[in-house]
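**Student:**
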Amino acid sequence: MGMKLISAKEVTEKVLSDQSLFILDVRNEDAFSDWKIEGKHIEHLNVPYFDLIDGVDEIVDKLPKDSEILVVCAKQGSSEMVGEHLVEAGFKDVFVLEGGMKSWSEYLNPVKISDLKDGGSIYQFVRIGKGCLSYLIKSNGEAIVVDATRTVDAFIDFAKDRDVTIKHVLDTHLHADHISGGRLLQERTGATYYLPPKDAEEVQFDYEPLVEGNDLSVGDTKVTVEPLYSPGHTIGSTSLIVDDKYLLTGDILFVESIGRPDLAGKAGDWADDLRNTLYDKYKELSHDLIVLPAHFGNMSELDDQGRVHAKLGDLYEQNAGLNMEEKEFHRAVSENLPPQPNAYQEIRQTNMGKINPNEEDQREMEIGPNRCAIHG
Amino acid sequence: MTIQTDHVLDAKGLACPMPIVKTKKAMNDLEPGQVIEVQATDKGSTADIQAWAKSGGHQYLGTTEDGDVLKHYLRKASDSEVKEDKEFPHVITNDELENKLQTGDKITVLDVREPAEYSFGHIPGAKSIPLGELENRINELDKDNEIYVVCRTGNRSDLASKQLAENGFENVKNVVQGMVEWSGPIEKD
Numbered sequence: 001m002g003m004k005l006i007s008a009k010e011v012t013e014k015v016l017s018d019q020s021l022f023i024l025d026v027r028n029e030d031a032f033s034d035w036k037i038e039g040k041h042i043e044h045l046n047v048p049y050f051d052l053i054d055g056v057d058e059i060v061d062k063l064p065k066d067s068e069i070l071v072v073c074a075k076q077g078s079s080e081m082v083g084e085h086l087v088e089a090g091f092k093d094v095f096v097l098e099g100g101m102k103s104w105s106e107y108l109n110p111v112k113i114s115d116l117k118d119g120g121s122i123y124q125f126v127r128i129g130k131g132c133l134s135y136l137i138k139s140n141g142e143a144i145v146v147d148a149t150r151t152v153d154a155f156i157d158f159a160k161d162r163d164v165t166i167k168h169v170l171d172t173h174l175h176a177d178h179i180s181g182g183r184l185l186q187e188r189t190g191a192t193y194y195l196p197p198k199d200a201e202e203v204q205f206d207y208e209p210l211v212e213g214n215d216l217s218v219g220d221t222k223v224t225v226e227p228l229y230s231p232g233h234t235i236g237s238t239s240l241i242v243d244d245k246y247l248l249t250g251d252i253l254f255v256e257s258i259g260r261p262d263l264a265g266k267a268g269d270w271a272d273d274l275r276n277t278l279y280d281k282y283k284e285l286s287h288d289l290i291v292l293p294a295h296f297g298n299m300s301e302l303d304d305q306g307r308v309h310a311k312l313g314d315l316y317e318q319n320a321g322l323n324m325e326e327k328e329f330h331r332a333v334s335e336n337l338p339p340q341p342n343a344y345q346e347i348r349q350t351n352m353g354k355i356n357p358n359e360e361d362q363r364e365m366e367i368g369p370n371r372c373a374i375h376g
Numbered sequence: 001m002t003i004q005t006d007h008v009l010d011a012k013g014l015a016c017p018m019p020i021v022k023t024k025k026a027m028n029d030l031e032p033g034q035v036i037e038v039q040a041t042d043k044g045s046t047a048d049i050q051a052w053a054k055s056g057g058h059q060y061l062g063t064t065e066d067g068d069v070l071k072h073y074l075r076k077a078s079d080s081e082v083k084e085d086k087e088f089p090h091v092i093t094n095d096e097l098e099n100k101l102q103t104g105d106k107i108t109v110l111d112v113r114e115p116a117e118y119s120f121g122h123i124p125g126a127k128s129i130p131l132g133e134l135e136n137r138i139n140e141l142d143k144d145n146e147i148y149v150v151c152r153t154g155n156r157s158d159l160a161s162k163q164l165a166e167n168g169f170e171n172v173k174n175v176v177q178g179m180v181e182w183s184g185p186i187e188k189d
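Given below as structure tokens:
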């Protein structure tokens, strides 16, 4: 059969299915241990491509003879070289990830969360390789996009296919782990871009303030988006309540973990804010709200349709980050934090409009895993 | 910054895996201990060339950026450097040398590594004469000075110390373990 290219979209389908998948990852060991394609039924072998320049003889015993092998590298070129060696060595089902981990990092998988009360719908865009979650809420020909990633074509095409106009774009906070697509979406669609003003003191472009009390609506039907000031991950972090049923928590609360308060200043400064938001402010909300976060950290947070969501009441029972004594909480959010995301300072500067890296540099800045969460 | 090397490989404009494929091929044609400069524009090449050098036992010296061009410097693995025996009898430890430098005694530190190795980090004020050039440049050194000879692991400096002694230098000491273990101040070009 020879070697075939396979897209990030097709790999996503394989990852979410119950099929087993064997991945030969030929990036260097540091890159592999930093982040990789993950899933319940995935088996990995990591051998750097530069050890396989002359052929795959040394690893044939470690590879499955009769099942598919997916070869993965940073950008595709090295896995093609290794893929050709595999075919020469007699392997039949050899796939190469098109665009490598770069396209894996960028691919967005849109999934429908639910229909809304008065005819609208809410969709989650799962950036499976990076753990980012964006949202599109549509109703009667209009849409709001929340926490858009920089690959804005995905949102624009999605809206076009469904004949809706993107009217509002907003970020729940100033992101530190990925480059926001908010400003680009504004430019490309004419939508209004909203940011929490407390996170936007240094931004170099015009925006509308996203503040508590200023509801946004979409479509003629009543789908209101109610901003809820909820500092902690950043000083301006703002949650949204959509259609009285969904709580978009940004990077404050995740399904299996909570946000980290240290990426834009000192952890100690915002630990109290984070504690108040999680242990007081959210607690007063209806526990029937469905939490829709801006990130996931583990594949186990995805349901069988690849969606990330949980009932607020369930999280108060199950999420370790919501069940800590005050001292323990302070320790958890200020000590032994995971490493900070790749290039997070440059990413923040980009999102403030202070620097304008080209697309290639933006890609490099975002490479690597998401590290916005603290797992309790 | 121009760093003198034995070979320059142009891998500009090539995407992964070609920079490493070409480096590997070029490395085969080098003599042990020789230094290559690899010019590449693929940003991933920096991490990969370090990892490749490590797995092949080669010495990764460093990378400089010149506009969009990355220049990686590697030194080919050399068997002679793994030998443990040092023959020159007069040695000084890194710590002793560091103390001497702190007291401000007027001494000469002679670094006999390749220019690229020297460029990416040397003892402040050290004089650079690669081992291969020492014979022709020996008159740049003053016989009245205390000379402390340093390389990466103490082997090239062992050979250099003997060479100096054979040429009538009486105040020569070989520095062990050398730069690989050096914890004192470092200066870069």
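So the sequence lines, in the order shown, correspond to chains A and B.
Quick note: the first sequence uses the UniProt record's numbering, first residue 1, plus one each step.
Quick note: the second sequence uses the UniProt record's numbering, first residue 1, plus one each step.
The C-beta atom is built at its ideal place from N, Cα and C for all residues, glycine as well.
Taking the alpha helix (DSSP H) that Leu101/B belongs to, which residues open and close that run?
**Tutor:** Its alpha helix (DSSP H) spans residues 94-103.
**Student:** Is the distance from the Cβ of Leu173/A to the Cβ of Pro196/A below 8 Å?
**Tutor:** The amino acid at residue 173/A is misidentified as Leu; the sequence shows His. Cβ atoms of His173/A and Pro196/A: closer than 8 Å.
**Student:** Could you give the distance in angstroms between the alpha-carbon of Gly132/B and the alpha-carbon of Glu140/B?
**Tutor:** Going from the Cα of Gly132/B to the Cα of Glu140/B covers about 15 Å.
**Student:** Establish whether the CB of Lys76/B and some CB of chain A are separated by less than 8 Å.
**Tutor:** Not one chain A Cβ lies under 8 Å of Lys76/B.
**Student:** Spell out whether any CB of chain C is found under 8 Å from the CB atom of Pro185/B.
**Tutor:** You won't find chain C in this structure, because its protein chains are A and B.
**Student:** Got a sec, what are the start and stop residues for the alpha helix (DSSP H) His330/A sits in?
**Tutor:** Start and end: 326-334.
**Student:** Alpha carbon to alpha carbon, what distance is there between Val333/A and Gly376/A?
**Tutor:** Residue placement at Gly376/A cannot be trusted, given a pLDDT of 48 that sits under 50; the coordinates are not used to answer.
**Student:** Let's test the definition: count the other Cβ atoms within 10 Å of the Cβ of Gly90/A and tell me whether it reaches 16, buried, or not, exposed.
**Tutor:** So Gly90/A counts as exposed.
**Student:** Take Tyr246/A as the anchor and find which of Val291/A, Glu226/A, Met3/A has the nearest alpha-carbon.
**Tutor:** Here the closest residue by C-alpha is Val291/A.
**Student:** Are any of the Cβ atoms in chain A nearer than 8 Å to that of residue 192/B?
**Tutor:** Lying before the first or after the last residue shown, residue 192/B is absent from chain B, which here runs from 1 to 189.
**Student:** Leu278/A to Glu325/A, Cα distance in whole Å?
**Tutor:** Using only the alpha carbons, I get a separation of about 12 Å.
**Student:** Taking Pro338/A as the reference, give the member of Asn358/A, Arg371/A, Leu312/A with the closest Cα.
**Tutor:** Among Asn358/A, Arg371/A, Leu312/A, the Cα nearest to that of Pro338/A belongs to Arg371/A.
**Student:** Just to confirm the assignment, what range does the alpha helix (DSSP H) spanning Phe88/B have?
**Tutor:** Looking at the DSSP string, Phe88/B is not in any alpha helix (DSSP H), and its letter there is neither H nor E.
**Student:** Would you mind sorting Gln59/B into buried or exposed? The rule is 16 or more other CB atoms within 10 Å of its CB.
**Tutor:** By the neighbour-count rule (16 or more Cβ atoms within 10 Å), Gln59/B is buried.
**Student:** Using the Cα positions of residue 225/B and Leu61/B, report the straight-line distance between them to the nearest angstrom.
**Tutor:** The first residue shown for chain B is 1 and the last is 189, placing residue 225/B beyond what the model contains.
**Student:** Can you name the residues of chain A whose CB is closer than 8 Å to the CB of Gly44/B?
**Tutor:** Under the 8 Å cutoff, chain A gives Ala74, Lys75.
**Student:** Quick check on His85/A: does DSSP put it in helix, strand or coil?
**Tutor:** Helix, per DSSP.
**Student:** Mind checking if Asp30/A is an interface residue toward chain B, Cβ cutoff 8 Å exclusive?
**Tutor:** Yes - at least one Cβ of chain B is within 8 Å of the one on Asp30/A.
**Student:** Report the residue from Asp34/A, Arg275/A, Asp147/A whose alpha carbon sits nearest the alpha carbon of His178/A.
**Tutor:** Residue Asp147/A is the option with its Cα nearest to His178/A.
**Student:** Between Glu226/A and the rest of its own chain, which residues show a CB-CB distance below 7 Å, the 5 nearest in sequence each way excluded?
**Tutor:** Result list for Glu226/A: Asp215, Leu240, Ile241, in chain order.
**Student:** Would you mind stating whether Tyr49/A and Pro124/B have Cβ atoms separated by less than 8 Å?
**Tutor:** Not in contact: Tyr49/A and Pro124/B (Cβ atoms no closer than 8 Å).
**Student:** Could you tell me whether the Cβ of Phe50/A comes closer than 8 Å to any Cβ of chain B?
**Tutor:** Yes, Phe50/A counts as interfacial toward chain B.
**Student:** Going by the DSSP bridge assignment, what does Asn174/B pair with across the sheet?
**Tutor:** Beta-bridge pairing links Asn174/B to Val91/B, Val149/B.
**Student:** Taking just the CA atoms, how far does Lys100/B sit from Lys106/B?
**Tutor:** So the two alpha carbons sit approximately 9 Å from each other.
**Student:** Quick one: is Val150/B buried, meaning 16 or more other Cβ sit within 10 Å of its Cβ, or exposed?
**Tutor:** Buried.
**Student:** So for Gly125/B, helix, strand or coil by DSSP?
**Tutor:** Three-state result, Gly125/B: coil.
**Student:** Distance check for Glu43/A and Leu136/A, CA to CA, integer angstroms please.
**Tutor:** So the two alpha carbons sit approximately 33 Å from each other.
**Student:** Hey, is Ala160/B's beta-carbon within less than 8 Å of any beta-carbon in chain A?
**Tutor:** Output row for Ala160/B: interface = no.
**Student:** Measure the beta-carbon distance from Tyr193/A to Val169/A and round it to whole angstroms, keeping in mind my assumption that it falls under 8 Å.
**Tutor:** That belief holds up - the Cβ atoms of Tyr193/A and Val169/A are roughly 5 Å apart, short of 8 Å.
**Student:** Using a Cβ-Cβ cutoff of less than 6 Å, which residues in the same chain neighbour Asn167/B once the five nearest sequence positions on both sides are dropped?
**Tutor:** Counting only Cβ-Cβ distances below 6 Å, and skipping sequence neighbours, we find Ile138.
**Student:** Along the beta strand (DSSP E) that carries Glu187/A, what are the first and last residues, could you check?
**Tutor:** Glu187/A -> not in any beta strand (DSSP E); alpha helix (DSSP H) instead, spanning 182-189.
**Student:** For chain B, check one thing: does any of its Cβ atoms lie closer than 8 Å to the Cβ of Ile69/A?
**Tutor:** No - not a single Cβ of chain B is within 8 Å of the one on Ile69/A.
**Student:** Does Ser103/A come within less than 8 Å of chain B when only Cβ atoms are used?
**Tutor:** Answer no: the Cβ-Cβ gap between Ser103/A and chain B never drops below 8 Å.
**Student:** Using C-beta distances below 8 Å, list every residue in its chain close to Val308/A, excluding the 5 sequence neighbours before and after it, in chain order.
**Tutor:** Contacts found: Gln124, Val126, Leu133, Val255, Leu292, Pro293, Phe296, Glu301, Leu302.
**Student:** At a cut of 8 Å, does the segment 171-180 of chain B reach the segment 145-159 of chain B through at least three beta carbon pairs?
**Tutor:** Yes: at least three Cβ pairs fall under 8 Å.
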